[in-house]
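Report on the structure given below.
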Amino acid sequence: MSRISSHPAPISARKHRGRMAWLLLAIVPVMFAFAFANIPLFRVWCEHYGIAVAPVNRAATTAADGRTLNMMFTGEVSTALPIQFEPKDSLQRVKVGERVENAYTFFNPTDQPIRFRAIHAIYPEAAAKTLALMQCFCFSDQELAPHQTKTLPVIYEVNPGLPGTVTEVTLNYTLFPK
Amino acid sequence: MSSAEVALAAAPEAKHYTGLLDWLTTTDHKKIGLMYLIFSLVNAWVGGLFAGMVRLRLYDPNWNFIKPEFFNQMLTMHATVMIFMVVMPAFVGFGNYLVPLMIGARDMAFPKLNAFSFWMLIPPSLMMYASFFTVGGSAQGGWWSYPPLSGAEFSPGAGESLWCLAIILLGISSIMGAVNFLVTIADMRAPGMGWMQMPLFVWATEITAWLLLLAVPILSGVLVMLLSDRIFHTGFFQPGLGGDPLLYQHLFWFFGHPEVYIMILPAFGIMSHVLPAFAHKPVFGYKGMVYALASIGVLGFMVWAHHMFTSGISPEAQIFFSTTSLIIAVPTGVKVYSWLASMWGGTIDFSAAMKFGLGFIGLFVIGGLNGVVLAIVPFDIAVHNTYFIVAHLHFVLFGGSVMGLMAATYFWFPKMTGRRLSEKLGNWHFWLFFIGFLWVFTPMHILGIEGMPRRVAFYRPEFTDLNRFISLGFLLLLAGGLIFTYNVIHSIRHGEPTPEPDPWKINDVQQSLEWMVPSPPPAWNFDEVPVYEEG
Amino acid sequence: MRSRCRSYAAGAALWLGAAAAARAQAPGSAPVTNAFGDPASSWAHILRHTALTGFWILFPLIAIAEVLLVYVIFKFRRRPGRKPATFHENPGLEIFWTVVPLLAVLVVGLLSHGPLHFYDETPPPDLNVMVVGHRFFWEYRYPDYGIDFANKDLVVPAGRNVDLQITSVDVIHGFYVPSLGIQMDAVPGRITHAWFNAQAGHYEGQCAQLCGPLHGEMWISVDVIPPAQFAAWLQANASPAPAAAPAQPAAPAGAKPASPAAPARPRPAGLAKEGL
């Protein structure tokens, strides 16, 4: 008995199905692109909520509202990096609207040059949008020659938008290799 | 002339293969469906043995012949194989076999594409197996593969990259299959069969195909990004390069949650056939069932971050996703109550297929309970990433999806092969699976509540007794699996012959078109293209 | 300043010895407790209450299904002479079993708003702790006291608001102490947050996010001790005074060095004053 391995439908039906298939397949690159579109979308969303905000060189304001708060400075080093670093002041009491300077000292104890990037994190999220970084070593990659010590400044200001419940803000840097 | 003879006359002289070459070149949806099912069964053994390795280590974490690195490979690949190489292909296999028959078509819309979709499974599967032989072994960062753990620095071997590539390729197969189903169902239904006359398994396949089409490209996108981070050192997810690990989690779970509905909706469809059939009643609430399937599909895209309640998402996000996750329980509940009503007042035959159907309800409903309470954020904070989650996911994926696949196998095996599976062996299989399942997975709720995290190769001494108890239960599942496999292999040749169209004698209530053709159906399915009439 | 240098250098050395140290550390001697059996913080009690309330509201919806299933199995078995019913719809019933569960889940959702608010509105902290996840151990820092150690119990005062700022230096870890009701991922490049106010006791936990081969060995132990004892512990563990540096006033033993622009930090309420 002969077997049928294809069952040709009328040409018009096949064309119709073919068109439908291409229309449906067109969804695939759209969704694929949507995944990539989420990269900037996610960044915008996070900036809005003050989560994991990218360091931005924000202009200082001259506004003040008389409040003071504690700024804590901490630092971590990624597993892969042998750098030692610490803040000059691990705690600063600052006024809202006041431009303050701090610094971190970095030391490379090895015989190799090291390139790294400092990623900052601010806690609480509510404060992240009001912390203006005027100068920060986290804006760009940094490099340390063998056995070099460097002190790099951080100049910042807390803007008046700071929520009233916040009395202490942590600025943390994690160093990652480049 | 019958339309079959017309078709025969009009068809070009088809090439005539026999034996293995026939199977290798076939575009017949029934043969392709069977190949998907065989592929699934073979990989079920692989995935099951990986689970056995996990339970073996957890019997005594001091037995160091299963090292923690290998343990992580086993848990990662157990999940990967079961999801991508067992459950998904199995449902596609049943869909392939049954959907054209159920809608009165002679084949899928694109038979050659159908064959391609199946054979596309083979290279990535070989990649997955090959990854064990690379330096460092297979992927071992969990089946979600979160960066930075899955990044180049912490998963330096080729195994993780092979995993990413294999999943992308498997996704291509899924997408092609989804398009094929959507066009087939839209355009090839028998005259008179409108959307609201289709069998519920066809509806389930339709919604599942939409989920695949929309979600799988997202997975492909995020894995391309991960591969790019790994190979080209880009910074999508690496914090040191300005990336964000949480972006990965959002994108992954945007796919990952629809994925679990992809794995359960076809089982829902199967239940709507099996349960009424053996209660000798029509299914209850057809319209409600369709709306429930569709709303689960839509809502399934709005719940993803309930996998991320403890990842550092905002309180507003927690409340939103908690609400949507609670709401999605409602259409699921509608289906469960409808199945109960489908059997209410019926005359129930407890065939093996029916036992698995009833077991599905009993177990899946528990999975629904432990799932809906997880939508309560404070509760999830307490048990996230613990064995409570492992319990939940297995109640819905094993107690749900696998029991559904077993019911489908016993129900449609006579149709596919013209022979019955042994009901006696099916009975043994059911009870070993049902009791074994409860033995293994019920105590995991306790372990989770008591604080044992998942994916750990070591646990606190006070968890020893429960872990050992659970590991022993694995043997029951293993025995059930052996009996099932033997039953299938043996019955293909030696099962009781059932060449008639309606071996279960259900056409007085079912009248689903696959039960109107001989068992197994001829290559062209129907002698005359059926015209569907109400009633 | 040099002491801080030492403590960070110590951190680096700690990392180098991490793997061996992690393997050596066995789980704590106390049994692990959990938020349901032994809630030990204000939040844990609320968590437990919310979870149980939600559970008991939802449980009947599920229990009814199971009871009906058993009933169906026994009552509607095939028996000679009985014909099956033919009904296949009942709009009233279908509306009922859509609306009632919907109301139930919405009530459960609303019930958790208050507790989530409690959890997210962090009260003013009495103690700040930085929790840093490493492969495969936990490092704890008390930035106000210059304390930094790893692979040991986290020591905190009872009945005080302890604020955890959590991060990681490598992969995502999970800081999980069941009895305190806290679980929060430690994400590299981010600070995540948890807080608790606990009763005295010893609480065990474990890393809850797969982080590599020794994920199962990242044990967590939290020692919650009365405030007076905690003050003594602080004194015993705080780093020694820094050497006098230009423009820095000499600081008393145990105090953290303050820059001239920063007056001394207001002492957290409730802690002993001596040397802190």
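In order, the protein sequence lines correspond to chains A, B and C.
Under the working numbering, think of the first position of the first sequence as 1, with each following residue one higher.
Under the working numbering, think of the first position of the second sequence as 1001, with each following residue one higher.
Under the working numbering, think of the first position of the third sequence as 2001, with each following residue one higher.
Built from N, CA and C at the ideal position, the CB exists for glycine as well.
Rounded separation between residue i and residue j - CA only
i: ILE1103(B); j: LYS1030(B); result: 14 Å
i: GLU101(A); j: GLN1238(B); result: 29 Å
i: ASN108(A); j: THR68(A); result: 36 Å
i: GLY1194(B); j: TYR1532(B); result: 9 Å
i: VAL2107(C); j: HIS2193(C); result: 28 Å
i: GLU2121(C); j: GLY2114(C); result: 11 Å
i: ASP2126(C); j: VAL2224(C); result: 14 Å
i: LEU1463(B); j: MET1452(B); result: Looking at the sequence provided, one finds Phe at residue 1463(B) rather than Leu. Near 8 Å, if we compare the C-alpha coordinates of MET1452(B) and PHE1463(B).
i: MET2130(C); j: VAL1373(B); result: 31 Å
i: VAL1298(B); j: PRO1518(B); result: 38 Å
i: ASP1508(B); j: LEU1275(B); result: 15 Å
i: PRO29(A); j: TRP1210(B); result: 15 Å
i: ASN2237(C); j: ALA2198(C); result: 21 Å
i: ALA2241(C); j: LEU1472(B); result: Below a pLDDT of 50, predicted positions are generally treated as unreliable, and ALA2241(C), at 41, falls in that range; no measurement from the model is reported.
i: MET1035(B); j: PRO1089(B); result: 9 Å
i: ASP111(A); j: HIS147(A); result: 7 Å
i: THR2098(C); j: VAL1330(B); result: 6 Å
i: LEU175(A); j: ILE83(A); result: 8 Å
i: PRO2213(C); j: MET1416(B); result: 46 Å
i: ASP1502(B); j: TRP1515(B); result: 5 Å
i: GLY10(A); j: LEU1098(B); result: Inspection of the sequence shows that residue 10(A) is occupied by Pro rather than by Gly. Rounded to whole angstroms, PRO10(A) to LEU1098(B) spans 23 Å at the Cα level.
i: TYR2142(C); j: PHE2149(C); result: 9 Å
Rounded distance between the beta-carbons of residue j and residue i, thought under 8 Å
i: PHE2076(C); j: GLY1346(B); result: 5 Å
i: LYS1287(B); j: MET1196(B); result: 7 Å
i: LEU1241(B); j: PRO1147(B); result: The Cβ separation is near 11 Å, so there is no contact.
i: GLY1137(B); j: GLY1157(B); result: 7 Å
i: ARG1420(B); j: GLY1495(B); result: 5 Å
i: LEU1169(B); j: PRO1123(B); result: 6 Å
i: ALA1178(B); j: LEU1213(B); result: 5 Å
i: ASP2144(C); j: ASN2161(C); result: Going by Cβ atoms, the distance from ASP2144(C) to ASN2161(C) rounds to 14 Å, so no, they are not a contact pair.
Contact set between residue i and chain A, taken where Cβ atoms lie within less than 9 Å
i: ARG2160(C); result: Ordered by position in chain A, no residue passes the 9 Å Cβ test against ARG2160(C), which lies about 15 Å from the chain.
Cβ-based neighbour list, residue i, same chain, cut-off 8 Å, excluding 5 preceding and 5 following
i: ALA1109(B); result: ASN1180, VAL1183, THR1184, ASP1187 and MET1188
i: ALA2104(C); result: ILE2057, LEU2058 and LEU2061
i: ALA1294(B); result: ILE1207
i: VAL2218(C); result: The amino acid occupying residue 2218(C) in the given sequence is Met; Val does not appear at that position. Excluding sequence neighbours, MET2218(C) sits near ALA2022, GLY2133, PHE2136, PHE2137, TRP2138, HIS2173, GLN2206, CYS2207 and CYS2211.
Residues near residue i by beta carbon distance below 6 Å, same chain, minus five either side
i: GLN2248(C); result: Unreliable positioning characterises GLN2248(C) in this predicted model, as indicated by a pLDDT of 27, which lies under 50. The coordinate reading is nonetheless provided below. Result list for GLN2248(C): empty, nothing under 6 Å.
i: GLY1111(B); result: It should be noted that the sequence gives Pro, not Gly, for residue 1111(B). Result list for PRO1111(B): THR1027, in chain order.
i: GLY2174(C); result: ASP2185, CYS2207, ALA2208 and GLN2209
i: GLY75(A); result: PHE85 and TYR173
i: ALA180(A); result: Nothing can be reported for residue 180(A), as the shown portion of chain A is limited to 1 through 178.
Interface flag, residue i vs chain E, CB-CB below 7 Å
i: ILE1032(B); result: Although the question refers to chain E, the structure presented lacks it and instead comprises the protein chains A, B and C.
Neighbour list for residue i in chain A, Cβ cutoff strictly below 8 Å
i: ARG2135(C); result: THR79
Chain B residues whose Cβ lies nearer than 9 Å to that of residue i
i: PRO163(A); result: In chain order: nothing, as chain B lies at least about 14 Å away.
i: LYS178(A); result: GLY1240 and LEU1241
Cross-chain neighbours of residue i in chain C, by beta carbon under 7 Å
i: ASN172(A); result: THR2167 and ILE2191
i: GLU76(A); result: VAL2132, THR2167 and VAL2169
i: THR167(A); result: PRO2124
i: ASP1349(B); result: ARG2078
i: PRO1315(B); result: LEU2116 and ASP2120
Contacts of residue i in chain B (Cβ-Cβ under 8 Å)
i: MET2184(C); result: THR1310 and GLY1312
i: ASN2034(C); result: ALA1382, ILE1449, GLU1450 and GLY1451
Own chain, CB closer than 7 Å to residue i, minus 5 neighbours either side, in chain order
i: ALA1457(B); result: ARG1057, PRO1061, PRO1068 and PHE1071
i: MET1053(B); result: ILE1066 and MET1074
Chain A contact residues for residue i, given Cβ-Cβ distances below 7 Å
i: PRO2143(C); result: MET72, THR74 and SER90
Chain-ordered neighbours of residue i on chain B, where CB pairs are closer than 7 Å
i: TYR2176(C); result: PRO1453
Using 8 Å as the Cβ pair cut-off and three pairs as the minimum, do the segment 1377-1389 of chain B and the segment 2156-2172 of chain C touch? no
Between the segment 1427-1435 of chain B and the segment 1478-1495 of chain B, are three or more C-beta pairs nearer than 8 Å? yes
Examine the Cβ distances between the segment 1441-1451 of chain B and the segment 1384-1392 of chain B and report whether three or more of them are shorter than 8 Å. yes
Would you call the segment 1269-1286 of chain B and the segment 1295-1313 of chain B touching, i.e. three or more CB-CB distances under 8 Å? no
Spell out a yes or no on whether the segment 117-127 of chain A and the segment 135-148 of chain A are touching, meaning 3 or more CB-CB pairs, one atom from each, closer than 8 Å. yes
Meets three-Cβ-pair contact criterion under 8 Å: the segment 65-83 of chain A and the segment 160-173 of chain A: yes
Can at least three beta-carbon pairs, one atom from the segment 1082-1100 of chain B and one from the segment 1393-1412 of chain B, be found at a separation below 8 Å? yes
Between the segment 1395-1403 of chain B and the segment 1256-1268 of chain B, can you find at least three pairs of beta-carbon atoms closer than 8 Å? yes
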